[in-house]
Amino acid sequence: MSSSLTKQQKVQAIMTILDELYPEIPIPLDHKDPYTLLVAVLLSAQCTDERVNQITPKLFARADNPFDMVKMSIDDIQAIIKPCGLSPMKSKGIWHLSDMIIKLHGGEVPQDFEALEAMPGVGHKTASVVMSQAFGVPAFPVDTHIHRLMYRWGLSNGKSVEQTERDAKRLFPKERWNDLHLQIIYYGREYCPARGFVLDNCIITRQYGRKRFINDVLKEQEKKRLAKQKKSATKR
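Sequential numbering from 4 applies to the sequence shown in this note's numbering.
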């Protein structure tokens with residue numbers, strides 16, 4: 004654990020580790036253009052990327068552009084996307100945003116935060132993902148992984164995703180935002196999960212993490228160790 008580092012040195016050290024672990028950064032959601040990415044991101048709310056990637060080929064075989072999508076009924080869309088969860092809301096969102104793209108934007112996904120966020124089912128995070136991954140515009144979409152890790156690493160107070168995004172944008176260089184948000188997501192899934200977290204597996208938290216969080220983890224580990232010891236002693 005390094006307590007003598009400045010926050011900027013800590014940020015640099017974290018970026019170095021992430022670059023070593025993830026030199027290649029594939030986009031997790033399969034898509035072929037801004038429209039299919041927008042639909043995939045909308046489907047990914049409270050659903051795994053893996054499941055979304057299983058469902059989108061079926062949906063895009065029927066409609067991979069807004070013109071074909073509005074020819075389908077909302078019920079048709081819902082029947083295909085049901086395994087992703089929240090299908091009543093998501094199917095309405097997909098149909099209506101497709102209609103909006105045709106009527107207001109000539110059938111093209113707008114390269115604009117305000118226009119994207121005006122669409123049904125599209126919040127700031129979804130708009131940020133599309134702007135960064137489809138158009139290469141610097142953005143820092145904050146999902147649950149980034150929110151959790153920024154708190155654990157002592158880079159944000161964890162009060163809200165909005166605050167976490169502001170802190171991430173302030174601490175990390177703008178030209179790195181698009182890569183970093185994906186690197187942190189991959190790292191969170193692999194080494195720093197919400198459940199089943201193991202301090203020894205997470206080099207960044209172990210070396211640069213929030214002291215209070217680390218102490219809580221160590222206390223919990225010790226509690227489990229003592230409980231296990233007590234259990235084996237009573238068996239003898």
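Glycine included, each C-beta is placed from N, C-alpha and C at the ideal position.
Mind checking T39: buried by the 16 CB within 10 Å criterion, or exposed?
Within the sequence shown, numbered from 1, the residue matching residue 39 stands at position 36. Buried, since its Cβ has 16 or more Cβ neighbours within 10 Å.
Out of Q15, A16 and L24, which has the shortest C-alpha to C-alpha gap to R192?
Residue 192 sits at position 189 when you count from the first residue of the sequence shown. When C-alpha distances from R192 are compared across Q15, A16 and L24, the shortest belongs to L24.
Taking all protein chains shown into account, do 16 or more other C-beta atoms lie within 10 angstroms of the C-beta of T51, making it buried, or fewer, making it exposed?
Residue 51 sits at position 48 when you count from the first residue of the sequence shown. Result: exposed.
Along the chain, where does the alpha helix (DSSP H) containing V125 start, and where does it finish?
Here the question's residue 125 lines up with position 122 in the sequence shown. Here V125 belongs to no alpha helix (DSSP H), and DSSP marks it neither H nor E.
Coil, strand or helix - I80 by DSSP
The residue labelled residue 80 in the question sits at position 77 within the sequence shown. In the three-state reduction of the DSSP assignment, I80 falls in the helix class.
How is the alpha helix (DSSP H) around A43 delimited, first residue to last?
For the purposes of this step, residue 43 is identified with residue 40 of the sequence shown, where counting begins at 1. Run containing A43: P37 to L46, per the alpha helix (DSSP H) assignment.
Is it true that the CB of I17 sits closer than 8 Å to the CB of W156?
Taking the sequence shown and counting its residues from 1, one reaches residue 156 at position 153. Taking the sequence shown and counting its residues from 1, one reaches residue 17 at position 14. Yes, they are a contact pair.
Considering only residues of the same chain and omitting the five flanking positions on each side of V125, which have a CB-CB separation below 6 Å?
Along the sequence shown, read from residue 1 onward, the residue named residue 125 stands at position 122. Within the same chain, V125 has close Cβ partners L119.
Would you check if the segment 157-166 and the segment 67-78 touch, i.e. whether three or more CB-CB distances between them fall below 8 Å?
Because the criterion of three Cβ pairs below 8 Å is not met, the segment 67-78 and the segment 157-166 do not touch.
For I83, is the beta carbon positioned less than 7 Å from some heavy atom of the ligand NAP?
Ligands are entirely absent from the displayed structure, and the ligand NAP is therefore not among its contents.
Take T122 and list the residues in its own chain whose beta-carbon comes closer than 6 Å to its own, dropping the five residues that flank it on each side.
Working through the sequence shown from its first residue, we reach residue 122 at position 119. According to the sequence provided, residue 122 is Met. The question's Thr does not apply to it. Residues of the same chain with a CB within less than 6 Å of the CB of M122, apart from the 5 flanking positions on each side, are L100 and M103 in chain order.
Since P91 is in the alpha helix (DSSP H), which residue starts that stretch and which ends it?
Residue 91 sits at position 88 when you count from the first residue of the sequence shown. P91 -> alpha helix (DSSP H) spans S90 to H108.
Compare the C-alpha of C205 against each of R215, Y194 and G212 and name the closest.
Your numbering for residue 205 matches position 202 in the sequence shown. C205 has its Cα closest to that of Y194, out of R215, Y194 and G212.
Within the chosen definition, does the segment 35-49 reach the segment 135-150 through at least 3 CB pairs nearer than 8 Å?
Touching, yes.
Taking all protein chains shown into account, do 16 or more other C-beta atoms lie within 10 angstroms of the C-beta of A82, making it buried, or fewer, making it exposed?
Reading the sequence shown from its first residue, position 79 is the one you call residue 82. A82 comes out exposed.
Considering only the beta carbon of each residue, do L174 and V14 sit closer than 8 Å?
Taking the first residue of the sequence shown as position 1, residue 174 is located at position 171. Taking the first residue of the sequence shown as position 1, residue 14 is located at position 11. Yes, they are a contact pair.
Contact defined as beta carbons within less than 8 Å: I believe V132 pairs with P144. What is the distance between those atoms, to the nearest angstrom?
Counted from its first residue, the sequence shown places residue 132 at position 129. Counted from its first residue, the sequence shown places residue 144 at position 141. V132 to P144, Cβ: 5 Å. Contact.
Member of N56, I188 and D33 whose CA lies at the smallest distance from the CA of H148:
What you label residue 148 is simply residue 145 of the sequence shown in a count that begins at 1. Put simply, of N56, I188 and D33 the residue whose alpha carbon is nearest the alpha carbon of H148 is I188.
Inside the segment 154-196 only - alpha helix (DSSP H) runs reaching at least 4 residues:
Within the segment 154-196, the complete alpha helix (DSSP H) runs of at least 4 residues are 164-174 and 180-194.
Considering N56, what are the terminal residues of the alpha helix (DSSP H) in which it resides?
Taking the sequence shown and counting its residues from 1, the one referred to as residue 56 is at position 53. Counting along the chain, the unbroken alpha helix (DSSP H) around N56 starts and ends at D52 to R65.
Taking the alpha-carbon positions, what's the G212 to F116 distance?
Taking the first residue of the sequence shown as 1, we reach residue 212 at position 209. Taking the first residue of the sequence shown as 1, we reach residue 116 at position 113. Using only the alpha carbons, I get a separation of about 33 Å.
Can you tell me where the alpha helix (DSSP H) holding P69 begins and where it ends?
Counted from its first residue, the sequence shown places residue 69 at position 66. Segment P69 to K74, the alpha helix (DSSP H) holding P69.
Range covered by the alpha helix (DSSP H) that runs through S235:
Translated into the one-based positions of the sequence shown, residue 235 becomes position 232. For S235, the enclosing alpha helix (DSSP H) begins and ends at K214 to K238.
Keeping to the same chain, check which residues put their C-beta closer than 8 Å to that of K172; ignore five residues upstream and five downstream.
Residue mapping note: residue 172 aligns to position 169 of the sequence shown, counting from 1. Leaving aside the five residues that flank K172 on each side, the residues in its chain whose CB is nearer than 8 Å to its CB run, in chain order, F143 and W180.
Taking T59 and A48 to be in contact with their CB atoms under 8 Å, please state how far apart those CB atoms are, rounded to whole angstroms.
The residue given as residue 59 occupies position 56 in the sequence shown. The residue given as residue 48 occupies position 45 in the sequence shown. Their Cβ separation, rounded to whole angstroms, is 14 Å, which puts T59 and A48 out of contact at 8 Å.
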